[in-house]
Each structure stands twice: as C-alpha cells, then as structure tokens.
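Be aware that the sequence shown starts at 0, since it is given in numbering that gives the first Met the number 0, and climbs by one per residue. For glycine and all other residues, C-beta sits at the position ideal for the given N, C-alpha and C. Predicted model only: the values in this text are computed from it and were never measured.
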Amino acid sequence: MKTKIIYILCAISFISFGANAQEDRQGKVDVSGQWQIGIPFNDYVDNNASGWGANVESHYFIANQVAIGGFISYQTFMNYFPKETMTLDGPSYGGAVTMDRYQTIYELPFGVSARYHFMSSTGIFDPYVALKLGANYSIQRRYYNVYEGYSENWGFTVLPELGTMIFLDSNKHVGFHLAVFYNYATNQSDNDAIDVDGISSLGFRVGMNFRF
0 MKTKIIYILC AISFISFGAN AQEDRQGKVD VSGQWQIGIP FNDYVDNNAS GWGANVESHY
60 FIANQVAIGG FISYQTFMNY FPKETMTLDG PSYGGAVTMD RYQTIYELPF GVSARYHFMS
120 STGIFDPYVA LKLGANYSIQ RRYYNVYEGY SENWGFTVLP ELGTMIFLDS NKHVGFHLAV
180 FYNYATNQSD NDAIDVDGIS SLGFRVGMNF RF
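Below is the structure:
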C-alpha cells in the first residue's frame with residue numbers, strides 16, 4: 000500500500016512539474032541587441048575576423064514555437080595591401096600608380112525574419128533556427144594616398160541563423176543571446192573602387208535578449 004501511495008505521489012509530482020514547466024510564448028515579444036563578428040569569404044578583403052559589427056532585431060511569437068519580426072545590422076571589413084603597381088582605368092583618366100592601399104566594405108542588411116524554436120517549453124536554454132531575408136546596402140572604398148575609389152550599391156540578402164537564448168531569471172525576461180549565421184548578398188560593383196560580385200561572410204553574435 001505504501002509503495003502504491005509513493006508511486007501516485009511521484010506521478011502527481013511529475014505531472015505538476017511538467018505543467019509548471021510548460022511555457023506558452025504566443026503573444027510575447029523578443030527584443031535583442033548584439034555585438035557582431037564577421038569573417039568574409041571574398042578576395043576583396045582579407046579573411047580575418049572583423050569585430051566592427053552590430054545587430055538589432057525584434058520578434059513577435061505568433062505561436063508557441065514560431066516568431067516573426069525584423070532586423071537591421073551592419074558590418075565593416077577592411078584590408079591593407081602593401082605597395083604595388085596598379086593600373087587606373089576610369090571614365091576620364093588612366094595610367095598606373097605605385098603605392099600601398101586600404102580596401103573597405105561596409106554592409107547594412109535589413110529586412111524580415113522568421114524563427115522556429117526547437118523546444119515547446121524551456122529551461123535556461125531556448126535554441127532556435129532562423130531565416131532572414133531583405134535588402135543589403137553596401138559601400139566599397141579603396142584608399143590610395145590622397146585618392147579614393149568609391150562605390151555604393153544595393154543587393155538582396157539571405158541570412159540563415161542558428162542561435163539560443165540563455166535566460167538569467169526564472170521568469171525568462173532577460174538573458175544572453177548567442178547566434179552563428181551565414182550572410183550572402185547579391186551586391187555588384189565594377190569600377191575603380193572594388194570589383195564586387197556578391198558578398199558573403201560567416202558571423203557570430205553575442206548580446207542581450209529581453210522578452211515581455
């Protein structure tokens with residue numbers, strides 16, 4: 000008899016714990032801000048990681064595990080090239096110069112985002128997968144001595160992402176936000192700045208998330 004009572008009490012405790020652990024995210028809002036590190040996959044700049052980036056996003060849960068929203072971020076890549084001889088071929092000038100130079104690419108992607116959260120209820124961790132689509136405004140610059148080559152253009156961007164929240168409080172209002180993502184943009188430029196045919200990079204984000 001005692002054994003049956005213990006089994007019943009354990010079952011009730013387990014059911015109660017499961018009920019308390021359930022979390023209905025529907026109707027809630029996530030707002031995040033992160034520092035962003037990017038690693039470019041192009042020849043226009045070197046492949047060293049750049050910490051000149053940031054991201055802000057907000058999502059509304061239309062279902063317990065599905066959220067939609069928007070994002071805006073920026074990233075800057077820079078590369079130094081030692082002294083070499085370059086041919087200048089512009090609409091009103093030509094010739095060659097010998098000097099060192101810097102090349103930079105600035106990106107400002109923004110658009111819509113959809114997230115799927117893997118777990119129907121969460122503890123400390125709340126992992127998700129996301130897909131972001133939108134526009135990418137980019138500026139490419141080449142600095143050589145007192146001269147500057149400049150180009151600005153628009154492209155389409157696609158940005159798959161895998162991330163998680165790590166909550167700091169039991170009510171899951173505040174937590175860290177970690178993510179890894181791949182960004183590809185269709186920007187193109189063919190002038191004396193940088194000959195760009197698509198921009199791609201791998202990135203990492205770390206910041207804070209607020210859920211209310």
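With a CB to CB cut of under 8 Å and the five nearest residues on each side skipped, what residues in its chain are close to residue i?
i	result
Q64	R24, Y115, H116, F117, M118, S119
E147	R140, R141
W153	A134, N135, Y136, S137, N186
N208	D29, V30, S31, M164, V173, G174, F175, H176
T97	K82, E83, T84, M85
I38	N46, N47, A48, S49, S200, L201, G202
L271	Missing from the structure shown is residue 271; the chain here goes from 0 to 211 and no further.
Which same chain residues, not among the five before or five after residue i, have their C-beta less than 6 Å away from its C-beta?
i	result
E83	none
S105	Correcting the residue identity first, residue 105 is Tyr in this sequence and not Ser. Only T75, I138 meet the Cβ criterion.
F109	I71, G133
Y183	V157, S199
N54	Q33, Q35, S72, R204
Y181	P159, L201
H172	R210
D168	none
E151	I138
V179	L161, F203
F155	T185
Buried or exposed for residue i, please, with buried defined as at least 16 other CB atoms from any protein chain shown within 10 angstroms of its CB.
i	result
A20	For A20, the pLDDT reaches just 47, beneath the cut-off of 50, and the residue's location in the model is therefore unreliable, leaving the point undetermined.
N170	exposed
N47	exposed
D194	exposed
D125	buried
G122	exposed
D196	exposed
Y79	exposed
Name the DSSP beta bridge partners of residue i, please?
i	result
L167	DSSP lists no partner for L167.
T75	Y105
A48	Paired residue(s): none; A48 is not in a bridge.
G206	Q33, H176
Q187	D196
F70	E56, G110
G26	Beta-bridge pairing links G26 to no other residue.
I38	L201
Against chain C, with Cβ distances strictly below 8 Å, would residue i count as a contact?
i	result
T163	Considering every chain present, this structure includes no chain C. It has just one protein chain.
Within a Cβ cutoff of 7 Å, which residues of the same chain sit near residue i, ignoring the five residues on either side of it in sequence?
i	result
A113	I67, A129, L130
A62	Q25
R100	F80, R141, Y142, Y143
Given 7 Å as the limit, tell me if residue i has its C-beta closer than that to any heavy atom belonging to the ligand GDP.
i	result
D196	Summarising the ligand content, the structure contains no ligands, and the ligand GDP is consequently not present.
Discussion item. For a minimum of 3 consecutive residues, which ranges assigned as the beta strand (DSSP E) are wholly contained in the region 96-156?
Written reply: 124-143
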